[in-house]
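Please read the structure below before turning to the comments.
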Amino acid sequence: MQSKYYLAFILILTIPFSQNSERGIINTVSFVGNDQINSNELEDQIELKPPSIMTFNSIDFDRRLLKLDAINIKNYYNSKGFLEVSVKDSFDVVNNEVDIFFLINEGKQYFLKNVSIVGLKSLNNDKILSSLGLFKGQPYNPIVINKELSLIDELLQEKGKIFSKINVDQSIQDSVEIKIKVDEGKIIYINDFWISGSERIDTLFVRKELVFEKGKIFDKRKIDKSKRNLLELGFFTSVSIIAHPISDIDTLVNLEIRLREFKNVGETALEFGLDEIEYVPGVRSLIGLGGSINWTDRMILGTKNRFETDGSVVLPTEEGFVFPRFGFDVKISNQRPFSLKFPTQIKLFFQQFKNFGDEYGPYVKRFGLQYSNIFRWNRQRSFIDFGLTFERFDESDAFSQDIEQRKFKFHLNRDNRDNPLDPRNGSMIIFRLDAYGGPLGGNRSYTKYNFDLRNYITLFKHITLASRINGGVISGWSNDYDKYETILFEKFYLGGSNTLRAIRPLRLLNNSNDRFDNDSDGLIDEEDEDSNIPSGKEIMTLTNVEARFPLVWGLGGVLFVDGGNIYSESKNISFDSLVWNYGIALTLKLPVGPIRVDYALDSKNPKIYQIQLGFLYAF
């Protein structure tokens, strides 16, 4: 114990001499006096760190960051109940290397002895304390208490009490006693409201999106829902609803709905570069080089209809797709057709492409009409999409006959990920039902089901564990279903940077005898995979597991395992039949999301491997 204080004394003496130079890279970080909290925990709270397995890079010393790190350490101690902690920082520079020291005097740790709420009549006190996470015997955390008290205010606002006052009295002796004093105030009613900032959009149209009413209790939930409804229209950049008290009447407020419209009703967007395109609907399968032009008018001809055109040309870089793919869409959408809350979209589309592996064959011309109703929630990322599609494929040489398909679709996306481009926590559920023919008519009749479950959890602050289970099946309306009725690119394929990464895009077959050494030359080479021109299968199973972690300068690493297969019949499905890949990926974070390079090997034959380029994470 005496040696520890002797070291601390030496550190204090070195402060005036160690701060003559402030340049260099971080060599070591030392914590002195931390008996109750280990150094690894404290190191997670600071920015200035020495190189490690997770970072590799050398961090430049910055004195401002050093002071912030000392504050972060103190705040962390405070959150653990150490209210009297003191943290002093020091550093020493030798040969352009900086050694950092934090001298810590922890002081006493305080625990909660008693927590009570007075004045709260509209809510259940025990449930509130449980929601706040305040329990007797736990370390006292003043930061969390002050932050979470907003929960009481929000719950009271849902009951019309928008002018409540909340104060906290705390008694700190050997332990901490907390008394939360609540002055609920009176129930507030909406007297009137007006709309400002709406220039091109008439106020009657805006009023239809408001779910609160005059003379009713002010309910924060209805206020927030009204905001979301207005933003979903696509006409406003921002929406604010402000409560204005009425003088001499303390139970009434007037509401101002303050809107800010888009300055430009129409806009044009040009894009060019590498991107992943869909060969299989809903799955990013192929890397392509191309460009697109998009023109949008939010109020076509002064109406509430959104008009959008999109044209694209893409040249896939994967062999078997060497000819350009052309596409053109025209879309009209309305959030309130005929004054009904029923978001509707009508799309005319045209595509021209070649079938997989048929680069010397004719172009396929696909055109049709799609009707959709899309209901969105959770920041627009979750939605239900259902509707009808009528399409035709005109090329007798490609399909042996002209094909007409009529489809009913029901798609569900539930997305509560914290970040859609770089998720670290949360989950996503995708369910797709596409029913072709049957009572709808057409000359193709089958149903396609697809289920995709994704989960994300961050461990040890830096490592994100991502997992996915994906499955699909195609079946007929009746027992006389002929699997050859299914359009080739509606079937299931595996292989590529988003599925099985040791297999080239879409190249997996479910027969191991013709999947590998096709020419019997004893080698696994591109000639073997080129001879695998799959026609897809009716059943698919897929699982992926990734461990994602940061490296340096926006670079990251990924360790992954992929498993899956495709089948013609359900009786062939078994765990032993799964094809397993494993490997490592290098990612680079960009403003539009990460790009990555995957190196994957087959688990049974290390001669089978692929290096693949991908955009965004695999899932």
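My numbering puts the first residue of the sequence shown at 273, with every later residue one more than the last. For glycine and all other residues, C-beta sits at the position ideal for the given N, C-alpha and C. In this text, all values refer to a predicted model and were calculated from it rather than measured experimentally.
Requested in this report: Could you tell me the boundaries of the beta strand (DSSP E) in which L831 lies?
Outcome: Your numbering for residue 831 matches position 559 in the sequence shown. For L831, the enclosing beta strand (DSSP E) starts and ends at 827-839.
Requested in this report: Give the DSSP bridge partners of Y854, in chain order.
Outcome: Within the sequence shown, the letter at position 582 stands for residue 854. For Y854, which the question treats as bridged, DSSP gives the partners V833, L873.
Query raised in the report: Can you check whether the CB of F598 is closer than 8 angstroms to the CB of Q624?
Result: Taking the first residue of the sequence shown as 1, we reach residue 624 at position 352. Taking the first residue of the sequence shown as 1, we reach residue 598 at position 326. Yes.
Report task. Using 10 angstroms around the beta-carbon of Q652, count the other beta-carbons present and answer buried if the total reaches 16, otherwise exposed. Result -> What you label residue 652 is simply residue 380 of the sequence shown in a count that begins at 1. Exposed, because fewer than 16 other Cβ atoms sit within 10 Å of the Cβ of Q652.
Requested in this report: Could you tell me whether the Cβ atoms of R726 and R740 are closer together than 8 angstroms?
Outcome: Working through the sequence shown from its first residue, we reach residue 726 at position 454. Working through the sequence shown from its first residue, we reach residue 740 at position 468. Going by C-beta atoms, R726 is nearer than 8 angstroms to R740.
**Report entry** CB contact flag (R231, Y708, <8 angstroms)
**Finding:** The displayed coordinates of the chain run from 273 to 891. Any statement about residue 231 would go beyond what the structure contains.
Query raised in the report: Roughly how far, in whole angstroms, is the beta-carbon of N770 from the beta-carbon of F610, given that I think they are within contact range, below 8 angstroms?
Result: The count along the sequence shown starts at 1 and reaches residue 770 at position 498. The count along the sequence shown starts at 1 and reaches residue 610 at position 338. Not quite, the Cβ-Cβ distance comes to about 41 angstroms (not below 8 angstroms), so this is no contact.
**Report entry** Three-state class that DSSP yields for K238 in the structure shown
**Finding:** Residue 238 lies beyond the stretch modelled for the chain, which goes from 273 to 891, so this question has no answer here.
**Report entry** Anticipated Cβ contact below 8 angstroms, V833 with L780, distance rounded
**Finding:** Counting from 1 along the sequence shown, the entry for residue 833 is found at position 561. Counting from 1 along the sequence shown, the entry for residue 780 is found at position 508. Actually they do not touch by this definition, with Cβ atoms about 16 angstroms apart.
Query raised in the report: For N722, which residues of its own chain have a beta-carbon under 6 angstroms away from its beta-carbon, when the five flanking residues on both sides are left out?
Result: Within the sequence shown, the letter at position 450 stands for residue 722. Around N722: R704, G744.
Query raised in the report: According to the neighbour-count rule (16 or more other Cβ atoms, all chains shown, within 10 Å of its Cβ), is L660 buried or exposed?
Result: By one-based count along the sequence shown, residue 660 stands at place 388. That one is exposed.
Query raised in the report: Between the region 412-422 and the region 476-484, do at least 3 Cβ pairs fall closer than 8 angstroms?
Result: no
Query raised in the report: Apart from the five residues on each side of it in sequence, which residues of its chain come closer than 7 angstroms, Cβ to Cβ, to N397?
Result: The residue you call residue 397 lines up with position 125 of the sequence shown. These residues qualify, in order along the chain: I389.
Query raised in the report: Per DSSP, T589 is paired with what?
Result: Along the sequence shown, read from residue 1 onward, the residue named residue 589 stands at position 317. Its beta-bridge partners do not exist; DSSP assigns none.
Query raised in the report: By DSSP, does D786 sit in helix, in strand, or in coil?
Result: For the purposes of this step, residue 786 is taken as the residue at position 514 of the sequence shown. Low local confidence applies: a pLDDT of 39 at D786 is under 50, so the model's placement there is unreliable, and no value is given.
**Report entry** Residues near G865 by beta carbon distance below 6 angstroms, same chain, minus five either side
**Finding:** Taking the first residue of the sequence shown as 1, we reach residue 865 at position 593. Closer than 6 angstroms at Cβ, skipping near neighbours: L693, L888.
**Report entry** P615 versus F600: straight-line alpha-carbon distance, rounded
**Finding:** Here the question's residue 615 lines up with position 343 in the sequence shown. Here the question's residue 600 lines up with position 328 in the sequence shown. Taking the straight line from one Cα to the other gives about 23 angstroms.
Query - Identified DSSP bridge partners for M571 - result: Numbered from its first residue, the sequence shown carries residue 571 at position 299. In the DSSP output, where bridge partners are listed per residue, M571 has none listed.
Query - Whole-Å CB distance - L860 paired with L827, under 8 angstroms assumed - result: Taking the sequence shown and counting its residues from 1, the one referred to as residue 860 is at position 588. Taking the sequence shown and counting its residues from 1, the one referred to as residue 827 is at position 555. 6 angstroms between Cβ atoms; contact.
**Report entry** Buried versus exposed call for S290 [16 or more other C-beta atoms within 10 Å across all chains shown]
**Finding:** Along the sequence shown, read from residue 1 onward, the residue named residue 290 stands at position 18. Low confidence applies to S290: its pLDDT is 41, below 50, so where it sits in the model is not reliable, and the reading given next is rough at best. It counts as buried.
Query raised in the report: DSSP three-state call for V555: helix, strand or coil?
Result: Locating residue 555 in the sequence shown gives position 283, counting from the first residue. Residue state, collapsed to three classes: coil.
**Report entry** For Q912, three-class secondary structure by DSSP
**Finding:** Given a span of 273 to 891 for the chain in the structure shown, any question on residue 912 remains unanswerable.
Query raised in the report: Going by beta carbon distance, what residues of the same chain come within less than 7 angstroms of I331, once the five residues before and after it are set aside?
Result: As a first step, residue 331 must be located in the sequence shown, where it is residue number 59. Same-chain partners within the cutoff: I297, I298, L320, K321.
**Report entry** Segments assigned beta strand (DSSP E), at least 3 residues, entirely inside the region 711-778
**Finding:** 718-731, 735-747
Report task. From the DSSP output, in three-state form, read off D694 for me. Result -> Reading the sequence shown from its first residue, position 422 is the one you call residue 694. D694 falls in the coil class under three-state DSSP.
Query raised in the report: Out of T813, I701, A819, N306, which has the shortest C-alpha to C-alpha gap to G836?
Result: Looking up residue 836 in the sequence shown gives position 564. Out of T813, I701, A819, N306, T813 has the C-alpha closest to the C-alpha of G836.
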